[in-house]
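Novice: Under the working numbering, the very last position in the sequence shown is 130; numbers go up by exactly one each time.
Where is the CB? At the ideal position from N, CA and C, for every residue including glycine.
Quantities reported herein were computed from a predicted structural model and do not represent experimental measurements.
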Amino acid sequence: MTVLLIVLTVLIVLVPLIAIPVGAFAIMKLQRRVIDKVSNVALEQRLQRDGVATTAQVLDAADTGGRVDAIYLLVRLHLQVAADDGVEGFVTEIVAALSPVRVAQIVPGATVKVRVDPLSREVVLDQPRT
Numbered sequence: 001m002t003v004l005l006i007v008l009t010v011l012i013v014l015v016p017l018i019a020i021p022v023g024a025f026a027i028m029k030l031q032r033r034v035i036d037k038v039s040n041v042a043l044e045q046r047l048q049r050d051g052v053a054t055t056a057q058v059l060d061a062a063d064t065g066g067r068v069d070a071i072y073l074l075v076r077l078h079l080q081v082a083a084d085d086g087v088e089g090f091v092t093e094i095v096a097a098l099s100p101v102r103v104a105q106i107v108p109g110a111t112v113k114v115r116v117d118p119l120s121r122e123v124v125l126d127q128p129r130t
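1) Contact between the region 58 to 72 and the region 116 to 125: three or more CB pairs below 8 Å?
2) Assign I94 to one of three DSSP states: helix, strand, or coil.
3) Looking at V103 and T55, is the spacing between their C-beta atoms short of 8 Å?
4) Less than 8 Å between the beta carbons of R115 and G51, yes or no?
5) Where S99 and I71 are concerned, what is the direct C-alpha to C-alpha distance, given to the nearest angstrom?
6) Alpha carbons only, please: which of V81, D63, L79 is nearest the one belonging to L73?
7) Could you please give me the residues that DSSP links to R131 through a beta bridge?
8) Would you kindly check if the distance between the Cβ of V87 and the Cβ of V81 is under 8 Å?
9) Measure the CB-CB distance between L47 and V101 and report whether it falls below 8 Å.
10) From I12, D85, H78, A83, pick the residue whose C-alpha is nearest to that of T92; which is it?
11) Looking only at its own chain, which residues have a Cβ that is under 7 Å from the Cβ of V107, when we skip the five neighbours before and after it?
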């Protein structure tokens, strides 16, 4: 009977001590995957590495109301991509994760650095992600 009480006590104490951190870690990992998906991290990484550097003029900018990591604002940008180095000029719309400081700089008429895939016309802002 004493052994059973010891086993039950150990289980009652240890299971929450193990389950809570493991569950929290799993939730944080899932949250990171969702954030990466929403903010197009794979596309950003590919175009930062392989995309053609050019510029674009901001035609319009609007806050989507979405947030990434409670810091970055998801902003919808309507851009006129400049023709440059094998890239034809074109108009596109992207959603970019921007810091509040950077949002203030992204106004209609502003010129921003972008990376472009000339074949698919996918575009990302050419900015470091800290």
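Specialist: Reading off the structure:
1) no
2) strand
3) no
4) yes
5) 6 Å
6) D63
7) Outside the modelled stretch of the chain, which goes from 1 to 130, sits residue 131, for which no answer is possible.
8) yes
9) no
10) H78
11) V58, A61
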